[in-house]
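Chains as they are written, first to last, in our numbering: chain S, 900 to 1056; chain H, 1343 to 1660.
First up is the structure itself, then whatever we jot down about it.
What follows is the structure in structure tokens.
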């Protein structure tokens, strides 16, 4: 039996408020939403762009999880083929549960392993940036590291 | 050799939203991963004064005496930490977009020295006769743009018209911010993109932002994924953000340089010191004819302009 191929999108959602601000600051506040809210936002956008056909195509094998809530890192799993519909809809997701967001596709992987490797490297860089920006503020370094480097795994099946 | 500095975003308008500034937009674009950005100044042919309008100074309106000067932006390494960490610097280009209705804009363009200081030149055409007459003239430009509102009733694209533009190294711009801003503009831009696909196989397409606020900017990977909606293949989508932008940059530099001329001289004692000392370059005496300059087209030749001794040498003849 041929295998069911999948594609994993690693996406970071930034707050629209943070993007609009001209001052530089590091945002460590999680979004006011859950995995299901992001999944619904993406599916609604796919329906808006690609219609019922698009919505139905992506529904099998579609899963969204928060890999890291502190840095708003999300993994989206889709089947290979319909993944193009999801990828083309991601730039248009501007609201998750009435909160303005801007999505940025960081990595597209065929296996969880490489997505994991990418996320670990990125979170390490984010931790270094966070330490640098928050050097003046009193912050528990250990807790910061725990919050940023905690990467939740997505179910491969 | 012009190095490739992809990804490219060749349309960040100077007239952005009142809540932001071009510097904030550029910083955001560089943070998203772009390496080359073009700051776009938009003007319309109607803004330039004709002789009649210049006499009638009582007329109020948004008129320009000359093209606006190219914008300048000074950036420090703190403005682009992502690129600075890789030891790279961003390339900031200047772009001029002229919205035209007929060829009369060339009068103002040709006599302006400021307009020629821009790195890129884009034309926004409203109709097929206007584009056809522009192609027949000797005018050269880099990018062909359009506004979503002019898609219906605008240029009637044919394969012949499309490839005439391709042959003149003109690139077709598809802006993605109108897709995010408004659903009506989204339909118009997508239909225009599919027109490009059907008449021209989506050759020479570049994706640009035309973002009025930082929220409308998207990362290069996201923009490349829009190829699916715009009728391009996956590779074409990646090229539209990368290699094609490099092509536009090279074509623009070539357009500004103009056609090259070659001067051929016979080596003698008086000019022997001008011979380059690069190894591998051999020049035998007598092969080249002195004062033999090829004539450029349009140059009128009067008596005495031609050199009688200037005969093209046949190969093998020393």
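Backbone N, C-alpha and C fix where the C-beta goes; we use that ideal spot for every residue, glycine too.
Inter-residue Cα distance where the pair is residue i and residue j
i, j, result
"residue 1593 of chain H", "residue 951 of chain S", "43 Å"
"residue 906 of chain S", "residue 989 of chain S", "14 Å"
"residue 1494 of chain H", "residue 1386 of chain H", "20 Å"
"residue 1051 of chain S", "residue 910 of chain S", "14 Å"
"residue 1391 of chain H", "residue 1450 of chain H", "9 Å"
"residue 1454 of chain H", "residue 1409 of chain H", "7 Å"
"residue 1443 of chain H", "residue 1476 of chain H", "10 Å"
"residue 1029 of chain S", "residue 1619 of chain H", "56 Å"
"residue 1509 of chain H", "residue 1012 of chain S", "46 Å"
"residue 991 of chain S", "residue 945 of chain S", "9 Å"
"residue 1346 of chain H", "residue 1528 of chain H", "31 Å"
"residue 919 of chain S", "residue 993 of chain S", "13 Å"
"residue 1417 of chain H", "residue 1357 of chain H", "19 Å"
"residue 1459 of chain H", "residue 1423 of chain H", "29 Å"
"residue 1462 of chain H", "residue 1036 of chain S", "46 Å"
"residue 926 of chain S", "residue 968 of chain S", "11 Å"
"residue 1350 of chain H", "residue 1389 of chain H", "30 Å"
"residue 1583 of chain H", "residue 1394 of chain H", "44 Å"
"residue 1016 of chain S", "residue 1482 of chain H", "48 Å"
"residue 1287 of chain H", "residue 1407 of chain H", "Chain H is shown from 1343 up to 1660; residue 1287 of chain H falls before or after that span and cannot be answered."
"residue 1384 of chain H", "residue 979 of chain S", "42 Å"
"residue 1564 of chain H", "residue 987 of chain S", "7 Å"
"residue 943 of chain S", "residue 1524 of chain H", "16 Å"
"residue 1512 of chain H", "residue 1353 of chain H", "16 Å"
"residue 1000 of chain S", "residue 1556 of chain H", "12 Å"
"residue 1602 of chain H", "residue 985 of chain S", "49 Å"
Closer than 8 Å to chain H by CB, residue i
i, result
"residue 983 of chain S", "yes"
"residue 948 of chain S", "yes"
"residue 940 of chain S", "no"
"residue 918 of chain S", "yes"
"residue 990 of chain S", "yes"
"residue 915 of chain S", "yes"
"residue 956 of chain S", "no"
"residue 1004 of chain S", "yes"
"residue 986 of chain S", "yes"
Neighbour list for residue i in chain A, Cβ cutoff strictly below 7 Å
i, result
"residue 1001 of chain S", "Included in the structure are the protein chains S and H, with no chain A among them."
Buried versus exposed call for residue i [16 or more other C-beta atoms within 10 Å across all chains shown]
i, result
"residue 1019 of chain S", "exposed"
"residue 1558 of chain H", "buried"
"residue 1441 of chain H", "buried"
"residue 1625 of chain H", "Legend: pLDDT at residue 1625 of chain H = 46, less than 50; position of this residue unreliable, value from coordinates given subsequently. Burial call: exposed."
"residue 1431 of chain H", "exposed"
"residue 973 of chain S", "buried"
"residue 1561 of chain H", "buried"
"residue 1446 of chain H", "exposed"
"residue 1595 of chain H", "exposed"
"residue 954 of chain S", "buried"
"residue 908 of chain S", "buried"
"residue 1478 of chain H", "exposed"
"residue 1617 of chain H", "exposed"
"residue 916 of chain S", "exposed"
"residue 929 of chain S", "exposed"
"residue 976 of chain S", "buried"
"residue 970 of chain S", "buried"
"residue 1579 of chain H", "buried"
Cβ of residue i within 8 Å of any chain S Cβ
i, result
"residue 1533 of chain H", "no"
"residue 1567 of chain H", "yes"
"residue 1491 of chain H", "no"
"residue 1374 of chain H", "yes"
"residue 1563 of chain H", "yes"
"residue 1522 of chain H", "yes"
"residue 1571 of chain H", "yes"
"residue 1370 of chain H", "yes"
"residue 1428 of chain H", "no"
"residue 1560 of chain H", "yes"
"residue 1348 of chain H", "no"
"residue 1361 of chain H", "yes"
"residue 1630 of chain H", "Residue placement at residue 1630 of chain H is poorly supported in this model, since its pLDDT is 44, which falls under 50; the coordinates still yield a value, given next. Chain S contact via Cβ: absent."
The region 1516-1525 of chain H touching the region 1544-1555 of chain H, judged by at least three CB pairs closer than 8 Å: Cβ pair count under 8 Å is three or more, so yes.
3-residue-minimum beta strand (DSSP E) runs that sit fully inside the region 965-1012 of chain S, ordered along the chain: Listed in chain order, they are 972-978, 998-1008.
Stretch pair the region 959-971 of chain S + the region 922-941 of chain S: three plus CB contacts closer than 8 Å: When Cβ pairs closer than 8 Å are counted between the two stretches, the region 959-971 of chain S is seen to touch the region 922-941 of chain S, the count reaching three or more.
Three-pair Cβ contact test at 8 Å for the region 1565-1576 of chain H versus the region 1531-1550 of chain H: Yes: at least three Cβ pairs fall under 8 Å.
Secondary structure, alpha helix (DSSP H): runs of 4+ residues fully inside the region 1461-1500 of chain H: You should have 1470-1478.
Segment contact flag, the region 1461-1474 of chain H with the region 1487-1506 of chain H, C-beta cutoff 8 Å, min 3 pairs: Using a Cβ-Cβ distance cut-off of 8 Å, the region 1461-1474 of chain H and the region 1487-1506 of chain H are in contact, since at least three pairs of beta carbons, one from each stretch, lie closer than that value.
Stretch-stretch touch, CB-based, cutoff 8 Å, three pairs: the region 1362-1371 of chain H with the region 1039-1051 of chain S: They do not touch, by the three-pair rule.
Segments assigned beta strand (DSSP E), at least 3 residues, entirely inside the region 1540-1621 of chain H: Qualifying beta strand (DSSP E) stretches, in chain order: 1547-1550.
Alpha helix (DSSP H) runs wholly inside the region 1499-1523 of chain H, at least 4 long, in chain order: If we require 4 residues or more, the alpha helix (DSSP H) runs fully inside the region 1499-1523 of chain H come out as 1501-1509, 1519-1523.
Continuous alpha helix (DSSP H) assignments of at least 4 residues falling wholly in the region 1343-1402 of chain H: You should have 1364-1374, 1393-1397.
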